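As they're listed, the protein sequences go chains A and B. The opening position of the first sequence corresponds to residue 1021 in the numbering used here, with each subsequent residue numbered one higher. The opening position of the second sequence corresponds to residue 18 in the numbering used here, with each subsequent residue numbered one higher. Data first, discussion second: the structure below is written as structure tokens.
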Amino acid sequence: MSLTDKQLERYSRHIILKEIGGKGQQKILNGKVLIIGAGGLGAPAAMYLAAAGVGTIGIVDDDRVDLSNLQRQIIYQTEDVGKKKVFSAAETIKSMNSDVKVIPYAERVDSKNIMDIIHDQDYDFIIDGTDNFPVKFLINDACVFLNKPFSHAGIIRFQGQTMTYLPHQGPCYRCIFETPPPPDVVPTCKQAGVLGVMGGVIGSIQATEALKYILGVGHLLNGYLLIYDALTMTFRKVQINHNEHCTVCGDIPSITTLIDYEISGCSWKRG
Amino acid sequence: MTIRVNGKEITLEKSVNIDDLLVIAKAEAPLYVSVQLNENFVKRQNFAVTFVKENDVVEFLYFMGGGER
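In structure tokens form, the structure reads like this:
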């Protein structure tokens, strides 16, 4: 399938890049990215991937748009308050770029559905845009089991961090953090606050990693945790080695099935 | 002696263990910080018996949620 005249024009700034070209843009149009969590991180990631022409974008979220989301979740407009996030996000993406097929999943991921969702379109790359640790560990473990690359990220206050997992090429999230912290010992955005633009910076980096993976260009953030501090305006790229004692991807893994950790009432309460 | 913690130089009067260093460096929620010493993870049960030495590079890695809500 070749690019239409409209596509050649729409994606001309991509196509002119020697790392992309027409072939690369075709790869992007054939690309399939799953975004879990359509919030501060997932919203900007989804928009840049849609603008880039990623052909299939799956979005998972069971939440509805809240007025307090609009400070950072730029895929939603004021009139979207109360709508299911996945359907509202799908509408925005459709009006942005009709080349993109959006697959909305209006559900919360857990051990029973995450494998099916990832298999549904055999997604190439997964973006973790969730806000809670039980699901971050669930996404990690599912991607390790299914040999799927994913981008982890978190944001809080004026800080953000992100890393990319590539199967058998460096550490997974559990190599760094063995198990989720108990509910509410680590502050959430709702409790501690977050500068709205943090999601834009880090979510856009996640989208960049997805595109680089689809294109097969450059070096990804596997083996590194990128830590961003907006107050000092510094990025630190910390090298992380694969942990041979990792309970899910180490030499002798003790975790071989998905785990639903308890999600605290507080962090799931709608604000 | 001088070490680096999260990219910043810290001067210590004497060698300290990881538990003490977490306090000195004012780590938030120290019970839930992952620690790398010269690019190797230190197991939590070894924090008390692992002492830093001159020019060591220490990374405190923090849980960061956020994003969705």
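Cβ coordinates follow ideal geometry from the N, Cα and C atoms, glycine included. Source: prediction; values computed, not measured.
Residue i versus chain A: which residues are under 9 Å apart at the beta carbon?
| i | result |
| --- | --- |
| B:Leu78 | Gln1181, Ile1196, Phe1197, Leu1245, Ile1247, Val1258, Ile1260 |
Which residues of chain A have a Cβ atom closer than 7 Å to the Cβ of residue i, listed in chain order?
| i | result |
| --- | --- |
| B:Phe68 | The contacting residues do not exist; B:Phe68 stays about 21 Å from chain A at best. |
Expressed to the nearest angstrom, what Euclidean distance is found between the alpha-carbon atoms of residue i and residue j?
| i | j | result |
| --- | --- | --- |
| A:Leu1251 | A:Gly1220 | 16 Å |
| B:Lys25 | B:Val33 | 17 Å |
| A:Tyr1281 | A:Gly1174 | 18 Å |
| B:Phe58 | A:Gly1149 | 26 Å |
| A:Ala1070 | A:Asn1117 | 6 Å |
| A:Lys1232 | A:Val1120 | 18 Å |
| A:Asp1136 | A:His1265 | 29 Å |
| A:Leu1235 | A:Phe1197 | 30 Å |
| A:Leu1028 | A:Gly1042 | 8 Å |
| A:Gly1291 | A:Gly1180 | Residue placement at A:Gly1291 cannot be trusted, given a pLDDT of 27 that sits under 50; what the coordinates show is reported in the next sentence. Near 22 Å, if we compare the C-alpha coordinates of A:Gly1180 and A:Gly1291. |
| A:Tyr1244 | A:Thr1182 | 8 Å |
| B:Ala42 | B:Leu48 | 14 Å |
| A:Asp1140 | A:Asp1082 | 17 Å |
| A:Ile1275 | A:Thr1199 | 11 Å |
| A:Gln1046 | A:Asp1025 | 13 Å |
| B:Leu54 | B:Val75 | 5 Å |
| B:Thr67 | B:Asp37 | 10 Å |
| B:Asn63 | B:Ile35 | 8 Å |
| A:Ser1131 | A:Leu1023 | 39 Å |
| A:Val1129 | A:Ile1095 | 21 Å |
| A:Ser1287 | A:Ile1079 | Model confidence at A:Ser1287 stands at a pLDDT of 43, short of 50, so the residue's coordinates are unreliable and nothing is read from them. |
What does residue i touch in chain B if you count any residue whose Cβ is under 7 Å from its own?
| i | result |
| --- | --- |
| A:Asn1263 | Phe58 |
| A:Phe1107 | Per Cβ cutoff of 7 Å: no residues; A:Phe1107 is ~17 Å from chain B at best. |
| A:Asn1152 | Gly82 |
Go through its chain and collect everything with a Cβ distance to residue i's Cβ below 8 Å, but skip five positions before and after it.
| i | result |
| --- | --- |
| B:Lys31 | Met18 |
Listing by chain order, which chain B residues have their CB less than 9 Å from the CB of residue i?
| i | result |
| --- | --- |
| A:Asp1271 | Within chain B, no residue comes near A:Asp1271; the closest Cβ sits about 14 Å away, beyond 9 Å. |
I'd like the list of long-range same chain contacts for residue i, defined as Cβ closer than 6 Å, with 5 residues on each side in sequence excluded.
| i | result |
| --- | --- |
| A:Thr1184 | Ser1171, Glu1229, Leu1240, Leu1241, Asn1242 |
To which residues of the same chain is residue i closer than 7 Å at the C-beta, ignoring the five residues directly before and after it?
| i | result |
| --- | --- |
| A:Gly1270 | Asn1263, Glu1264 |
| A:Met1253 | none |
Cβ-based contacts, 9 Å cut-off: residues of the stretch 1186-1218 of chain A near chain B: Taking 9 Å as the Cβ-Cβ cut-off, the stretch 1186-1218 of chain A approaches chain B at Cys1195, Ile1196, Phe1197, Glu1198, Pro1200, Pro1201, Pro1202, Val1205, Val1206, Pro1207, Thr1208, Cys1209, Lys1210, Ala1212, Val1214, Met1218, given in chain order.
Looking at chain A, which residues of the stretch 46-71 of chain B have a Cβ within less than 9 Å of any of its Cβ atoms? If you check each beta-carbon in the stretch 46-71 of chain B against every beta-carbon of chain A, the ones closer than 9 Å belong to Ala46, Leu48, Tyr49, Ser51, Gln53, Glu56, Asn57, Phe58, Lys60, Arg61.
Is it the case that the stretch 1203-1216 of chain A contacts the stretch 1155-1170 of chain A, given that we only count it when at least three CB pairs across the two stretches are under 8 Å? No, they do not touch.
contact_flag[the stretch 1030-1042 of chain A, the stretch 1051-1064 of chain A] where n(CB pairs < 8 Å) is 3 or more: no
Cβ contact check for the stretch 1058-1076 of chain A and the stretch 1103-1115 of chain A: 3 or more pairs under 8 Å: Touching, yes.
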